[in-house]
Amino acid sequence: MNVKELRQLFPILDQQVNGKPLVYLDSAATSQKPLSVIEAIDNYYRQYNSNVHRGVHTLGTKATDAYEGAREKVRRFIGAASIEEIIFTRGTTTAINLVAASYGRANVREGDEIVITYMEHHSNIIPWQQVARQTGATLKYIPLQPDGTIRLADVEQTVTSNTKIVAVMHVSNVLGTINPVKEIAQIAHKNGAVVVVDGAQSTPHMKVNVQDIDCDFYAFSGHKMCGPTGIGVLYGKKRLLEQMEPVEFGGEMIDFVGLYESTWKELPWKFEGGTPIIAGAIGLGAAIDFLEQIGLDYIAEHEHRLAQYALEQLSTIDGLTIYGPKERAGLVTFNIDGVHPHDVATVLDAEGIAVRAGHHCAQPLMKWLNVTATARASFYLYNTEEEIDALVSALKKTKEYFSYVF
Ligand code: 7TS
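Every position in the sequence shown, counted from 1, becomes a number in my numbering once 1 is added.
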């Protein structure tokens, strides 16, 4: 299937925005959804909407099979050993918060260390700040190289025998850096720490195998990988999840409820209190089917080509600064001298081009870059070189417009 045919599977892409063909370059914020995902959710609500794990009626059984079937698809997709290790959450943020609230508070003490990096998204910073505050532990940062990469020697330096948790993103949503999470996990384990990987920007774009990485926890969101919003995943090693207490209590997650005490269901359900995100999980399952059909290796290669082409083309614009390393995932973050990134995004929008401007939920990284905000174009399997040409020519126009005004 070529990219033109592939684009036809995404109905939203075929529209005009401000009188111009839509150029959607904001997939790192959320991806668009193929018909097969939209239809899977539609079918659930039209044909077998029911609660799961409850009654024995036919629709309920069908819904339960589809919900649990999606869990098996996730397990296979990330190479986990068993479905007990796959917990459905609302997204990456909720998944990391679960680890922090459960594993973090139970295992981190005063004098311990939690290690993260300067490039983390807020959702992999604030939960750890909270654990550090509540336990008296210290939060430490692995420094970055000038190109926005991490040196393993700096990981070795920062992680010590006092470190209990190392939390790091697999792929940066701002720099596009692909972090050596497997090697970081080895260093963490050598020091007796567990590793939490934020996979929000990796699972949509490249093959991920949690057993090969040997991470202890891995978090990601369905909506960035062609699935719906409101569904995400926490992978955790069974040995650790077994020891952990749930953080949400109520229906669905219990085994027996007495007047003063209760017991929990086995894994993974003890972490899924309340009616789960049934349509979301079914949609995520359909998204995984779709991504596997296209092929993660093809997607990674396509985006790599687009990113390299974008780097080449954008570097022809005077006064445009690009942040991050040359070898990167499929996104480019930049600033144009003298033009605020929000103005860049507004002018691009008038041309039908959607990019994100702001701090990208990475204020410590903005501080490290010495900027308050940037613009970001992020690519996915449906983007084309022609769209990058449209971006470049609109940016040239933006530059001319602002040099004329000021
Ligand atoms: N981690 C990373 C690396 C992310 O890029 C994001 C979202 C999250 C965590 C949070 O995911 P959520 O689904 O729980 O919200 N990143 C972005 C972004 O770059 N632009 O908008 C959202």
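Backbone N, C-alpha and C define an ideal beta-carbon position, used for all residues, glycine too.
The segment 235-252 contacting the segment 264-283, beta-carbon criterion three pairs below 8 Å: yes
Distance between beta carbons of S32 and Y381, contact taken as under 8 Å: 5 Å
D213 beta carbon near the ligand PLP (any heavy atom closer than 7 Å): No copy of the ligand PLP appears in this structure; the ligands present are the ligand 7TS.
DSSP-derived helix/strand/coil call for E262: coil
Cβ separation of N174 and H206, assumed to be a contact under 8 Å, to the nearest whole Å: Actually they do not touch by this definition, with Cβ atoms about 11 Å apart.
Sufficient close CB pairs (3 or more, under 8 Å) joining the segment 106-117 to the segment 159-167: yes
Proximity test, N180 beta-carbon vs the ligand 7TS heavy atom, cut-off 7 Å: no
At least 3 beta-carbon pairs within less than 8 Å: the segment 386-398 vs the segment 119-138: no
Beta-bridge pairing of Q17 - partner residues as DSSP gives them: P22
Per-residue DSSP class, three states only, for F335: strand
The segment 324-338 / the segment 173-188 touching (three or more Cβ pairs under 8 Å): yes
Y46, buried or exposed, once every other Cβ within 10 Å from all chains shown has been counted against 16: exposed
Coarse secondary structure for V172, derived from DSSP in three states: strand
CA-to-CA distance, L312 to L396, given in whole angstroms: 13 Å
Proximity test, N466 beta-carbon vs the ligand 7TS heavy atom, cut-off 7 Å: The chain is shown from 2 up to 407; residue 466 falls before or after that span and cannot be answered.
Reduced DSSP category for K225 - H, G, I as helix; E, B as strand; rest coil: helix
Residue interval of the beta strand (DSSP E) (run including M152): The sequence given here places Arg at residue 152; Met does not occur at that position. Premise fails: R152 is in no beta strand (DSSP E) and is neither H nor E.
beta-carbon Q131 near the ligand 7TS non-hydrogen atom, thresh 7 Å: no
Through-space distance from L60 to V24, alpha-carbon basis: 41 Å
Cβ-Cβ separation, K238 to E85 (assumed contact under 8 Å), whole Å: At roughly 10 Å, the Cβ-Cβ gap does not stay under 8 Å, so E85 and K238 are not in contact.
Presumed contact (8 Å Cβ cut-off) between F291 and P35, rounded CB distance: 5 Å
Spatial distance of L392 from H58 (CA atoms): 53 Å
Coil, strand or helix - V196 by DSSP: strand
C-beta contact flag for T210 and I295 at 8 Å: Reading off the sequence, residue 210 comes out as Asn, not Thr. Contact: no.
Best match in E243, P269, E262, Y261 for proximity to M254 [C-alpha to C-alpha]: P269
Inter-residue spacing [alpha-carbon to alpha-carbon] between L99 and A287: 25 Å
A41 Cβ short of 7 Å to the ligand 7TS heavy atom set: no
4 or more residues per run - each alpha helix (DSSP H) lying fully within the segment 251-334: 279-295, 297-315
One or two residues paired with E114 in a DSSP bridge: T139, T164
Backbone secondary structure at S32 - three-state DSSP: coil
Cα-Cα separation, T159 to V182: 15 Å
Whole-angstrom distance between P144 and D155, CA atom to CA atom: 7 Å
Distance cut-off 7 Å: Q33 Cβ against heavy atoms of the ligand 7TS: no
Heavy atom of the ligand 7TS within 7 Å of C216 beta-carbon: no
Integer Cβ distance of I1 from G284, believed to fall under 8 Å: For residue 1 there is no data in the structure shown, the boundaries of the chain being 2 and 407.
Selected residue, minimal CA-CA separation from A330, among L260, I179, E157, S37: I179
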